[in-house]
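Colleague: Using the numbering used here, read the sequence shown as starting at 15 and increasing by one per residue. Where is the CB? At the ideal position from N, CA and C, for every residue including glycine. Dumping the structure here so I can ask a few things about it.
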Amino acid sequence: MIPRISLFPLTTEISKDGHLVIGGCDTIALANEYGTPLYLFDEHTLRSMCREFKSEFGQRHEEVMVIFASKAFLNRAVANIFKEEGIGLDVVSAGEFSIAKSVDFPADMIYLHGNNKSVDELRMALKNHIARIVIDSFDELKLLAKLAEESGHIPDILLRITPGIDPHTHKHITTGTVGSKFGFPLFDADRAVSQALATASLNLIGLHCHIGSLITETQPYVETIEVMLDFADKMNKKYGFELEELDIGGGFPVRYTVNSPNIKISQFAEAIISRLISKCNALDMPLPSLTIEPGRAMVARSGVALYRVGMTKNISELKHYVSVDGGMADNIRPALYGAEYEAILANKASDEDTEPVTVAGKFCESADILIQEIKLPPVIAGDIIAVPVCGAYCVPMSSNYNASLKPIIVMVKEGKARIIRKREILQDLIRNDLL
Ligand SMILES: Cc1ncc(COP(=O)(O)O)c(C=O)c1O
Numbered sequence: 015m016i017p018r019i020s021l022f023p024l025t026t027e028i029s030k031d032g033h034l035v036i037g038g039c040d041t042i043a044l045a046n047e048y049g050t051p052l053y054l055f056d057e058h059t060l061r062s063m064c065r066e067f068k069s070e071f072g073q074r075h076e077e078v079m080v081i082f083a084s085k086a087f088l089n090r091a092v093a094n095i096f097k098e099e100g101i102g103l104d105v106v107s108a109g110e111f112s113i114a115k116s117v118d119f120p121a122d123m124i125y126l127h128g129n130n131k132s133v134d135e136l137r138m139a140l141k142n143h144i145a146r147i148v149i150d151s152f153d154e155l156k157l158l159a160k161l162a163e164e165s166g167h168i169p170d171i172l173l174r175i176t177p178g179i180d181p182h183t184h185k186h187i188t189t190g191t192v193g194s195k196f197g198f199p200l201f202d203a204d205r206a207v208s209q210a211l212a213t214a215s216l217n218l219i220g221l222h223c224h225i226g227s228l229i230t231e232t233q234p235y236v237e238t239i240e241v242m243l244d245f246a247d248k249m250n251k252k253y254g255f256e257l258e259e260l261d262i263g264g265g266f267p268v269r270y271t272v273n274s275p276n277i278k279i280s281q282f283a284e285a286i287i288s289r290l291i292s293k294c295n296a297l298d299m300p301l302p303s304l305t306i307e308p309g310r311a312m313v314a315r316s317g318v319a320l321y322r323v324g325m326t327k328n329i330s331e332l333k334h335y336v337s338v339d340g341g342m343a344d345n346i347r348p349a350l351y352g353a354e355y356e357a358i359l360a361n362k363a364s365d366e367d368t369e370p371v372t373v374a375g376k377f378c379e380s381a382d383i384l385i386q387e388i389k390l391p392p393v394i395a396g397d398i399i400a401v402p403v404c405g406a407y408c409v410p411m412s413s414n415y416n417a418s419l420k421p422i423i424v425m426v427k428e429g430k431a432r433i434i435r436k437r438e439i440l441q442d443l444i445r446n447d448l449l
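The following block contains the structure:
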C-alpha cells in the first residue's frame with residue numbers, strides 16, 4: 015500500500031494550512047476562483063510521462079514511435095504539448111483529427127484508427143497525407159483502395175490483427191481476443207495481407223494490434239510479440255511480405271488506488287523490446303520499427319477532479335453519504351465498469367482520515383457513486399474533494415446527463431493556472447435545439 019498522495023500528479027504537495035497544492039497552485043483557491051466540478055491537469059506530469067515513454071522505449075530500440083491515443087483525452091492545449099514533446103497522435107474520428115489540425119499537428123505523425131471509418135474520414139486522411147491508416151476489415155480495405163486510387167495518393171497502411179491474446183483485464187476493455195469487433199482475426203489475416211499486397215493503390219507497411227487496456231502484466235505483450243512475429247514470418251515466406259513496422263497499441267496501466275500493482279514503464283519496455291529483438295533473431299527477420307499507442311498511462315495521473323461537497327446523509331451506522339456536485343456525467347467509469355478511485359479532502363489534506371464515507375454523485379441514477387467506501391476526515395458541506403488519476407477517459411466520456419454542464423478544465427504549471435476548456439454555460443444546452 016502506498017500513501018494516497020502519491021497517486022496525485024508529481025508536483026503535489028500539502029501546504030502549511032493543510033491545502034492540497036498541485037503545480038504550485040492551491041486547489042482550494044482554484045475551486046473558489048473557477049468553480050467546481052473542475053478538472054485540472056498538471057503540465058509537468060504530462061510532459062514527464064511523454065519523456066518517460068520516449069526514453070524508456072527509445073533507449074532500447076533505435077526506431078520507436080510513441081503515439082498518444084487521443085481517445086483518452088484530447089484538447090487543443092494537450093495536443094500542443096504532445097506536438098512540442100515529439101509524440102504522435104492516434105485519432106479515431108474526424109473530430110479528433112480536426113482538434114489536432116487546429117494546432118497544426120504534423121500530419122505525418124497522425125495515425126487513423128477505427129472499425130467503421132466513414133468515407134469522409136478516409137478522404138480526410140488521404141487528403142492530409144497522414145502517417146498511417148490502420149485497416150480494420152475487408153470492406154475497409156476495398157473502400158480505401160478505391161478512394162486512394164481516386165485521390166492519386168498511395169497511403170501507408172497497417173493491418174489491425176486480433177492476435178487472440180487474453181490480457182487478463184476487464185471484459186469491456188479487452189480488444190485482442192478472437193471475436194472482438196476490432197481487426198482481422200488471425201485466421202483471416204493471411205487473406206488480408208495478400209489482398210493488401212496485391213492492391214497497387216495501398217502501401218502495406220506493417221501490422222497493428224491492441225490487446226486491451228489497463229494491462230498489469232508484461233506477459234500478454236510478450237505473447238503478442240510472439241504471435242505477431244510468427245504471423246509476419248509466415249507472410250514473408252508465403253508472399254514475400256516485409257514487416258517494416260510493428261504497432262502493438264496501448265494498454266499500459268496506471269495506479270488508480272493505493273493497492274494497484276506498480277509496474278513501471280521501464281519493465282514493459284524491457285520485456286517488449288527484448289522479446290522483439292530475440293524473436294527477430296530467432297526468425298532471422300530484420301528488426302521492424304516499433305510503434306506504441308499509450309493513452310491512459312500518458313494522461314491519467316496528470317488529471318485531478320475537484321468537487322465541492324453539498325449534502326451529507328447518515329443512513330445508518332454503516333452508510334454515510336457525502337454528495338458532490340459532479341459524478342457520472344463527468345466520470346462514468348465507476349458506473350460503467352466499477353472503476354475504483356481514491357480521494358483526498360483537499361482543504362483538510364493534513365487531517366487524519368477517520369470517517370468511512372460513500373462519495374455519491376448528484377445524478378439521477380443509483381449507480382452514480384464515485385467511491386463506494388473511503389475513509390476521510392470529518393466532511394461538511396463546502397469541503398473540496400480531490401479525486402486523483404482522472405486525466406484519462408473521464409472528460410472524453412462525459413455527457414450532459416440531467417442537462418448538466420460539462421466541467422471547466424484548467425492546466426497548472428509553476429504556480430500559474432490557465433483555462434484550457436471553458437465550463438459550459440446554460441446557453442450551450444439549448445444552442446442546437448429547435449422548437
Ligand atoms: C487502437 C488503440 N490504441 C491505443 C489505445 C489506448 O489504450 P490505453 O488508453 O489503454 O493505453 C486504444 C484504446 O482503446 C486503442 O483502441
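#1: Which of the three DSSP states, helix, strand or coil, is assigned to residue 408?
#2: Once you ignore the five residues that flank residue 208 on each side, which residues in its own chain have a CB closer than 7 Å to its CB?
#3: Would a C-beta distance cut-off of 7 Å place residue 239 and residue 290 closer than the cut-off?
#4: I think residue 403 touches residue 44, with their Cβ atoms under 8 Å apart; what is that distance to the nearest whole Å?
#5: How many angstroms separate the CA atom of residue 162 from the CA atom of residue 25?
#6: So residue 407 and residue 93 are supposed to be a Cβ contact under 8 Å. How far apart are they, rounded?
#7: Closer than 8 Å by C-beta to residue 419: which residues in its own chain qualify, once you throw out the five before and the five after it? Chain order, please.
#8: Closest to residue 206 by CA distance: which of 160, 156 and 60 is it?
#9: Once DSSP output is grouped into helix, strand and coil, what is the label at residue 245?
#10: Taking 6 Å as the cut-off, is the beta-carbon of residue 396 closer than that to any non-hydrogen atom of ligand 1?
#11: For the segment 168-184 against the segment 208-219, do three or more pairs of beta-carbon atoms, one drawn from each stretch, fall closer than 8 Å, so that the two count as touching?
#12: Inspect the CB distances between the segment 386-402 and the segment 361-368 and report whether three or more fall short of 8 Å.
#13: Per DSSP, residue 13 forms a beta bridge with which residues?
#14: Would you grab the beta carbon distance between residue 294 and residue 304 for me? Rounded to a whole angstrom, and I think it's under 8 Å.
#15: Does residue 56 come out as helix, strand or coil in the three-state DSSP assignment?
#16: My guess is that residue 60 and residue 313 are in contact by the Cβ rule of under 8 Å, so how many angstroms apart are they, rounded?
#17: Does ligand 1 have even one heavy atom less than 6 Å from the beta-carbon of residue 308?
#18: Report yes or no: do the segment 410-425 and the segment 47-55 share at least 3 C-beta pairs separated by less than 8 Å?
#19: Considering Cα atoms alone, identify which of 318, 360, 339 and 319 is closest to residue 325.
#20: Residue 110 and residue 88 - do their beta-carbons sit closer together than 7 Å?
#21: Taking all protein chains shown into account, do 16 or more other C-beta atoms lie within 10 angstroms of the C-beta of residue 341, making it buried, or fewer, making it exposed?
#22: From residue 316 to residue 108, what distance separates their C-alpha atoms?
#23: Candidates 121, 125, 330 and 182: which alpha carbon is nearest residue 173's?
#24: What are the boundary residues of the beta strand (DSSP E) that includes residue 82?
#25: As a quick exercise: from 343, 362 and 355, pick the residue whose alpha carbon is nearest that of residue 378.
#26: Looking at residue 86 and ligand 1, is the gap between the Cβ and the nearest heavy atom below 6 Å?
#27: Taking 6 Å as the cut-off, does the CB of residue 224 come closer than this to any heavy atom belonging to ligand 1?
#28: Between 323, 352, 331 and 284, which has its C-alpha nearest residue 360's C-alpha?
#29: Just the C-alpha distance for residue 40 and residue 34, rounded to the nearest angstrom, thanks.
#30: At a cut-off of 6 Å, would you count residue 32 as near ligand 1, judging by its Cβ distance to the nearest heavy atom?
#31: Got a sec, what are the start and stop residues for the alpha helix (DSSP H) residue 262 sits in?
#32: Following a CB-centred definition, is residue 353 positioned closer than 6 Å to any heavy atom of ligand 1?
#33: In this structure, does DSSP put residue 328 in helix, strand or coil?
#34: Taking 6 Å as the limit between beta carbons, can you name the residues of its chain near residue 311, skipping five residues before and five after?
#35: Roughly how far, in whole angstroms, is the beta-carbon of residue 401 from the beta-carbon of residue 319, given that I think they are within contact range, below 8 Å?
#36: Using the DSSP secondary-structure output, state which residues sit across from residue 208 in a beta bridge.
Modeller: In short, the structure shows the following:
#1: coil
#2: 253
#3: yes
#4: At roughly 18 Å, the Cβ-Cβ gap does not stay under 8 Å, so residue 403 and residue 44 are not in contact.
#5: 47 Å
#6: Rounded, the Cβ-Cβ distance is 17 Å, inconsistent with contact.
#7: Same-chain partners within the cutoff: 437, 438, 439, 440, 442 and 443.
#8: 156
#9: helix
#10: no
#11: yes
#12: Touching, yes, given that three or more Cβ pairs across the two stretches are closer than 8 Å.
#13: Outside the displayed span of the chain (15 to 449) sits residue 13, for which this structure offers no information.
#14: Going by Cβ atoms, the distance from residue 294 to residue 304 rounds to 11 Å, so no, they are not a contact pair.
#15: strand
#16: 6 Å
#17: Remark: the shortest separation between the CB of residue 308 and any heavy atom of ligand 1 falls under 6 Å.
#18: yes
#19: 339
#20: yes
#21: Classification for residue 341: buried.
#22: 26 Å
#23: 125
#24: 78-83
#25: Per the Cα distances, 343.
#26: Yes - ligand 1 has a heavy atom lying nearer than 6 Å to the Cβ of residue 86.
#27: At a cut-off of 6 Å, the beta-carbon of residue 224 counts as near ligand 1: some heavy atom of the ligand is closer than that.
#28: 323
#29: 6 Å
#30: no
#31: No alpha helix (DSSP H) holds residue 262; DSSP gives it neither H nor E.
#32: no
#33: In this structure, DSSP gives residue 328 an extended state, which the three-state scheme calls strand.
#34: 266 and 268
#35: 4 Å
#36: According to DSSP, residue 208 bridges with nothing at all.
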